[in-house]
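Engineer: Per the working numbering, the sequence shown starts with residue 2, numbered consecutively. We treat Cβ as the ideally placed atom computed from N, Cα and C, and that holds for glycine.
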Amino acid sequence: MERRISHPFSFTQDYRASSELPPPIYTETFSIGKIDIEKEKKLVIRNALVQSYFFRSTQALSNPVTLAIVLADNLEEVLNDGFTKLVDYGSGIFAPENNIPANSPFPELSVADKISRMPTIVCYEDILEYEDYIDEENFSNPQYDFASASKLLIGNTLVDTFLLNGTPYPVPGDIPIKNPNGKSFLYFFPYTAKCQRTRVAMSGRINFSIVSLSDEDEEE
2 MERRISHPFS FTQDYRASSE LPPPIYTETF SIGKIDIEKE KKLVIRNALV
52 QSYFFRSTQA LSNPVTLAIV LADNLEEVLN DGFTKLVDYG SGIFAPENNI
102 PANSPFPELS VADKISRMPT IVCYEDILEY EDYIDEENFS NPQYDFASAS
152 KLLIGNTLVD TFLLNGTPYP VPGDIPIKNP NGKSFLYFFP YTAKCQRTRV
202 AMSGRINFSI VSLSDEDEEE
């Protein structure tokens, strides 16, 4: 059975430099989308179109913003960490009652093949770039790997990534998905590999068809 998927995405990063007080901090927001693949072990993504509607950065980025697709049973579990998170469940508002306290379970995200308006967005707000910081030559324990979208890649199966630079483009060819362990969900989220130390904002949408190869085998 062929399903048509359409998910919006967004990413922002803000930064306060070491020349300002208090020490360098960043804020990052990123969307997370989720679809149920019913533990199918062989699927394929076809006719993918990456539409970047908006992209701005104050300075050139040392690492690009990239959209990742990963296989997982419970990606939300990775967000159970020692940082408070603000969450917008598609309303466009980070309502205080949706805040997730540090060391609290992150609620399970809903699944949807198509999202017409706003995605779910997670925000790590005012995070110290370094756990201990005196100056540019005296610091320890960078925290970006523990409080950012990039950590969602750790321990999960990466299906593919797509560069986000403000230009819409079709993805050539099919993208096979091998799921031998029968993972339940595909997740979509934008990320950058390291703190960019500048302001970044982007949004867009990914559209594609997903097909179970098991269904095609049965038809043959």
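Within 8 Å, do at least three Cβ pairs link the segment 201-210 to the segment 73-87?
Structural biologist: Cβ pair count under 8 Å is below three, so no.
Engineer: Please classify Gly34: is it buried, with 16 or more other beta-carbons within 10 angstroms of its beta-carbon, or exposed?
Structural biologist: Here residue 34 is taken as the residue at index 33 of the sequence shown, counted from 1. So Gly34 counts as buried.
Engineer: Once the 5 residues before and after Ser11 are set aside, which same chain residues still bring their CB inside 6 Å of it?
Structural biologist: Locating residue 11 in the sequence shown gives position 10, counting from the first residue. So the qualifying residues of the chain are Ser32, Ser204.
Engineer: Enumerate, from N- to C-terminal direction, the unbroken alpha helix (DSSP H) stretches of 4 or more residues contained entirely within the segment 86-134.
Structural biologist: Listed in chain order, there is nothing to give.
Engineer: Are the segment 114-131 and the segment 83-98 in contact at 8 Å, needing three or more beta carbon pairs?
Structural biologist: They touch, by the three-pair rule.
Engineer: If you draw a straight line from the alpha carbon of Thr199 to that of Tyr134, how long is it in whole angstroms?
Structural biologist: Counting from 1 along the sequence shown, the entry for residue 199 is found at position 198. Counting from 1 along the sequence shown, the entry for residue 134 is found at position 133. Cα to Cα, the separation comes out at about 19 Å.
Engineer: Tell me which residue opens and which closes the beta strand (DSSP E) that Pro143 is part of.
Structural biologist: Here residue 143 refers to the residue found at position 142 when the sequence shown is read from its first residue. 139-143 is the extent of the beta strand (DSSP E) around Pro143.
Engineer: In the DSSP assignment, what are the bridge partners of Pro191?
Structural biologist: Within the sequence shown, numbered from 1, the residue matching residue 191 stands at position 190. The partner list for Pro191 (beta bridge, DSSP) reads Leu68.
Engineer: Compute the Euclidean distance between the alpha carbons of Tyr54 and Asn139, then round it to the nearest angstrom.
Structural biologist: As a working note, residue 54 is residue 53 in the sequence shown. As a working note, residue 139 is residue 138 in the sequence shown. Rounded to whole angstroms, Tyr54 to Asn139 spans 40 Å at the Cα level.
Engineer: Once you ignore the five residues that flank Thr59 on each side, which residues in its own chain have a CB closer than 6 Å to its CB?
Structural biologist: Within the sequence shown, the letter at position 58 stands for residue 59. Cβ neighbours of Thr59 beyond the five flanking positions: Thr199, Arg200.
Engineer: Going along the chain, which residues of its own chain have a beta-carbon closer than 8 Å to the beta-carbon of Lys184, five neighbours each way excluded?
Structural biologist: Taking the sequence shown and counting its residues from 1, one reaches residue 184 at position 183. So the list reads Ile38, Lys40, Leu72, Ala73, Asp74, Thr158, once near-sequence residues are dropped.
Engineer: On the premise that Thr121 lies in contact with Gly91, defined as a C-beta separation below 8 Å, what is that separation, rounded to the nearest angstrom?
Structural biologist: For the purposes of this step, residue 91 is taken as the residue at position 90 of the sequence shown. For the purposes of this step, residue 121 is taken as the residue at position 120 of the sequence shown. 6 Å between Cβ atoms; contact.
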